[in-house]
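In the numbering used here, the protein residues as written are 492 to 1558.
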């Protein structure tokens, strides 16, 4: 066999000292040995083959490895003419055409080709370098130093483009996650590293430092199966130009390489269709239209910006140098070209930064304009192919500049535009793109209304039954803090009645008066047949009020019952007493509660007592919460009557099936065994030691569109007695298990006509955001039916966008009607905290707390400290809770290993780790003087904010919550007297390195997230302090040494990798 070593198809140049004839013989022998081999994954090169580096460059055919290890589950297989591996599955055809040396390697089997295919860590995905399918190549390096690695590969999808590179058995971080997204379905050279900020890879970051000249082993290992590997090179040139062909020739230091296979030329690239310019423009208009977020759609007040000429965000140089604002991305998840439309100015070159959640997209320095200000493409900056998730917070920050030091630019910008960058995104965004041109006109011209459409137009539903006789039945244990239900046999009514409407035109109030003069005036409600939760009755004569007495002794009750148009909503409405129901009275003898443990009936109602923590009225304990903020669609449950999925494909109704096993004999059910899944879920969460869960009570038109209290989605004035009784069974059970009930009364999509932050008409909203009949009735029904529960808050709404006056009106209405003075809070967008909360501080409103949200867990601690401090300074400390910490896509992730979760979301992006959430969200909030947390689950997980029905998905994180709550409770930490004191550690509140909560001179808590030691300033303090060390991961507490006051002390931690809490108490 004759081999022409100078043939262009041969990629090798051999060193002159190697005997040519011997080389030919060995070359042929190696080829025949290879062809005879039955196992394609065996090495194709002998162990004495060494490749040569010259002038800082070395190139190698991928198939010429001398060893492959860790190939039990996946291996590199040779693909060459006459040698196609018989390994399945393999969804790709062969791609020999264009491959260097006429062959390439592929990692098989290939079981994950798209995001929809199951990711199995350690099988079809290996995030750890060197763990699977490891190839080795010997190289001789004469010029040591930093080498940048390039690989030639063929990728057909999103899950076959990842590899790791190492040297001499080591796998440095700089060699891991070699990945890129460009050049699909063709052989392509590239050198990029996948990072958290850029999943498609950042150039210049894949390199290996080789410190010594001589023999080394270069290794590649699998990251994703299906990877097709043709050739690799290493170069010392950081600006190495990407080859368009098969790349540099290979040099041999010693040994003989295998024979090259016949080279198969790649087919010519298809010619571009040369369409007329007019046609191209028309097509572009149809496929590259952009979603536009004009500056005026952002919140500018309080951000450092103002609206200039009605269209530009701008900074007044006399007031601010830098400004920052944000907006929530409310369009479909997908890949977009993101363009900042800055405004050119002649005074200076302003700088801009655009971010998505906590990830900086990029910076831009705007060119100078020849005009005072000027718009145009030269002042735009585009970041192509950016993956954006629905709910991501898009942030813009800009800084002014000066050309001459006297006059300053104003860092103006007009808009952010988002152009769908692929077909899938264009398809998903099409409805929004189609509506956009008309949106402005519609916002101005469309009438804004909040219609209610009665199910029946009849005055009354026939046939009728006789009215009740006015008798009263009292049920429930007559003990303090227990739910005592007074049921009046009153006028017959049907849920669909209009004249009179039983929900608006009858007003039932019950006054409970203790012998010491204490009085509770509790609103009542129509209860159909009194057992509607089990019978699904729509009509009857039963009317109800719930009472939870706060003291023992004699309680007199008296019923006030009136009829009149809208009398239930307005005390000043014209109404007349209804006999024999009005004036019915009786006596209750209440004894002490006999409950113990976490049952709230053992501790008493949570009350606002002018401190930043709620206090149990009975036990006088202060309350910290930790639990679940998700799913917000908790009540979208198949076992509740008349519950319908408005978005059945995206947000199906829940079964809570994973928690049926947590239901226990004796727990409540309804209608012959319904409800076990959700009741079991509450059991599970309580059993983990958590004490809070949250839910929307109205989300028509929102993300879930499956929860409303009415008899029909569009009938806002008639309520569903059976459904609401069933809700009540769940809430009462939660109270008995010690759970804090977070009522989120509406969401941003349906709280007014703004549709979040845009314009338009939202027919689902109640009274357009005003305090009208719909909103009054809604508040009244919730308060009457559920206000007796002992631990709850009324949250005006998720990401609330009502006007300040609308918010104040709603707050006042709730506060005046709720006899139990439950905590009233409000939630808003991350960037609108100052705008919404500051006008409500102190005596400006009856608000008693806040439900915080941010767009990054790193902001949890300092934002807690901010509002604890500001509300206290305003004279009314608020209950500061964090109920949505983290980005919209990611917050509390599932446990590692849950349904294959490996730390990355559905798009492959790294998420917050459970440890980071424990450190920055849980302990960051509590150490900031906050009242506690609820964990939001984000959009990008299997068990996410909308569809989760398995709380075990965060099982380990609930353990961390329990450990934290038990720490404060069991060690009797006087949080109500302690203040955030990070300054005693010499730290800013934004550092997240460590936190301090202290009652100076008495007790200090020092939480250290990641440091071997931390200095605590005890200057000015006399005496000694007993130190103890607490492990927030396990709950273990160890006694420490005595520490003398009077100076700074170094608190040494057991290690720097884990978090620890040091407790110092005055001796």
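Beta carbons: idealized from backbone N, C-alpha and C, even for Gly.
All values derive from a computational prediction rather than experimental measurement.
So, under 8 Å CB-CB, residue i and residue j are touching, yes? Tell me the CB distance rounded to an integer number of Å.
{"i": "residue 834", "j": "residue 905", "result": "6 Å"}
{"i": "residue 1396", "j": "residue 1380", "result": "6 Å"}
{"i": "residue 1544", "j": "residue 1482", "result": "16 Å between Cβ atoms; not a contact."}
{"i": "residue 1558", "j": "residue 1515", "result": "5 Å"}
{"i": "residue 892", "j": "residue 840", "result": "5 Å"}
{"i": "residue 722", "j": "residue 551", "result": "7 Å"}
{"i": "residue 960", "j": "residue 992", "result": "Incorrect: roughly 23 Å between the Cβ atoms, too far for contact."}
{"i": "residue 1427", "j": "residue 1493", "result": "Incorrect: roughly 35 Å between the Cβ atoms, too far for contact."}
{"i": "residue 782", "j": "residue 923", "result": "6 Å"}
{"i": "residue 1011", "j": "residue 1310", "result": "4 Å"}
So, residue i versus residue j, is the Cβ gap smaller than 8 Å?
{"i": "residue 715", "j": "residue 795", "result": "no"}
{"i": "residue 1021", "j": "residue 1033", "result": "yes"}
{"i": "residue 1073", "j": "residue 1004", "result": "no"}
{"i": "residue 1097", "j": "residue 1177", "result": "no"}
{"i": "residue 914", "j": "residue 1027", "result": "no"}
{"i": "residue 1560", "j": "residue 1035", "result": "Here the chain covers residues 492 to 1558 and nothing more, so residue 1560 does not appear."}
{"i": "residue 1308", "j": "residue 1274", "result": "yes"}
{"i": "residue 1024", "j": "residue 1230", "result": "no"}
{"i": "residue 908", "j": "residue 830", "result": "yes"}
{"i": "residue 549", "j": "residue 725", "result": "yes"}
{"i": "residue 1509", "j": "residue 1497", "result": "no"}
{"i": "residue 1383", "j": "residue 1448", "result": "yes"}
{"i": "residue 659", "j": "residue 586", "result": "no"}
{"i": "residue 837", "j": "residue 818", "result": "no"}
{"i": "residue 808", "j": "residue 864", "result": "no"}
{"i": "residue 650", "j": "residue 717", "result": "yes"}
{"i": "residue 1145", "j": "residue 1127", "result": "yes"}
If you draw a straight line from the alpha carbon of residue i to that of residue j, how long is it in whole angstroms?
{"i": "residue 1446", "j": "residue 1186", "result": "20 Å"}
{"i": "residue 1535", "j": "residue 1354", "result": "33 Å"}
{"i": "residue 860", "j": "residue 894", "result": "11 Å"}
{"i": "residue 936", "j": "residue 853", "result": "Confidence at residue 936 is low in this model, with a pLDDT of 48, below 50, so its placement is unreliable and no value can be given for it."}
{"i": "residue 1460", "j": "residue 1406", "result": "22 Å"}
{"i": "residue 933", "j": "residue 1252", "result": "Residue placement at residue 933 cannot be trusted, given a pLDDT of 48 that sits under 50; the coordinates are not used to answer."}
{"i": "residue 522", "j": "residue 535", "result": "Only weak support exists for where residue 522 lies, its pLDDT of 37 falling under 50; the value from the coordinates is given anyway. Computed Cα separation, rounded: 9 Å."}
{"i": "residue 1349", "j": "residue 1410", "result": "9 Å"}
{"i": "residue 857", "j": "residue 884", "result": "23 Å"}
{"i": "residue 743", "j": "residue 870", "result": "52 Å"}
{"i": "residue 1485", "j": "residue 1351", "result": "13 Å"}
{"i": "residue 1552", "j": "residue 1099", "result": "29 Å"}
{"i": "residue 888", "j": "residue 1039", "result": "51 Å"}
{"i": "residue 1266", "j": "residue 1258", "result": "7 Å"}
{"i": "residue 698", "j": "residue 657", "result": "9 Å"}
{"i": "residue 1154", "j": "residue 1063", "result": "47 Å"}
{"i": "residue 1107", "j": "residue 1541", "result": "38 Å"}
{"i": "residue 738", "j": "residue 595", "result": "14 Å"}
{"i": "residue 768", "j": "residue 1408", "result": "For residue 768, the predicted structure reports a pLDDT of 40, less than 50, and the residue's modelled location is therefore unreliable. A value from the coordinates is still provided. Cα to Cα, residue 768 sits roughly 54 Å from residue 1408."}
{"i": "residue 556", "j": "residue 537", "result": "8 Å"}
{"i": "residue 673", "j": "residue 827", "result": "15 Å"}
{"i": "residue 444", "j": "residue 1418", "result": "The requested residue 444 is not part of the displayed model; the chain covers only 492 to 1558."}
Compute the minimum distance between the beta carbon of residue i and the heavy atoms of the ligand GDP, and state whether it is under 7 Å.
{"i": "residue 1185", "result": "The model depicted lacks the ligand GDP and carries no ligand whatsoever."}
Every unbroken beta strand (DSSP E) within the stretch 1119 to 1158, with a cutoff of 3 residues, ordered by chain = Listed in chain order, there is nothing to give.
message = Which runs of the beta strand (DSSP E) at least 3 residues long sit entirely within the stretch 879 to 963? Give them in chain order.
response = Entirely contained in the stretch 879 to 963, the beta strand (DSSP E) runs reaching 3 residues are, in chain order, 884 to 890, 904 to 911.
ask   = For the 8 Å Cβ check, are there 3 or more pairs between the stretch 612 to 623 and the stretch 705 to 713?
value = The answer is yes - the stretch 705 to 713 touches the stretch 612 to 623, with three or more Cβ pairs under 8 Å.
message = Report the start-end ranges of each alpha helix (DSSP H) in the stretch 1284 to 1364 that is 4 residues or longer and not cut off at the edges.
response = Those alpha helix (DSSP H) runs which fall completely within the stretch 1284 to 1364 and span 4+ residues are 1295 to 1308, 1324 to 1328, 1351 to 1364.
key: Given 8 Å, three or more beta-carbon pairs between the stretch 960 to 976 and the stretch 1291 to 1304   = No: the two stretches stay apart, fewer than three of their Cβ pairs being nearer than 8 Å.
inquiry  = For a minimum of 3 consecutive residues, which ranges assigned as the beta strand (DSSP E) are wholly contained in the stretch 1220 to 1244?
reply    = Look at the stretch 1220 to 1244 and you find these whole runs of beta strand (DSSP E), each 3 residues long or longer: 1231 to 1235.
query = Between the stretch 940 to 949 and the stretch 1194 to 1212, are three or more C-beta pairs nearer than 8 Å?
reply = They touch, by the three-pair rule.
ask   = How about the stretch 1211 to 1220 and the stretch 1440 to 1457: do they share at least three Cβ pairs that are nearer than 8 Å?
value = Contact between the stretch 1211 to 1220 and the stretch 1440 to 1457 is absent, with fewer than three C-beta pairs closer than 8 Å.
query = Does the count of Cβ pairs from the stretch 1238 to 1245 and the stretch 981 to 989 closer than 8 Å reach three?
reply = Contact between the stretch 1238 to 1245 and the stretch 981 to 989 is absent, with fewer than three C-beta pairs closer than 8 Å.
request  = Specify whether the stretch 659 to 667 and the stretch 571 to 591 touch according to this definition: at least 3 beta carbon pairs, one from each stretch, less than 8 Å apart.
outcome  = Counting Cβ pairs under 8 Å, fewer than three are found: no touch.
ask   = Are the stretch 1110 to 1118 and the stretch 1165 to 1174 touching, with three or more C-beta to C-beta distances below 8 Å?
value = Segments in contact, no.
inquiry  = Three or more C-beta pairs under 8 Å: does that hold for the stretch 1119 to 1129 against the stretch 1419 to 1437?
reply    = With three or more CB-CB distances shorter than 8 Å, the stretch 1119 to 1129 counts as touching the stretch 1419 to 1437.
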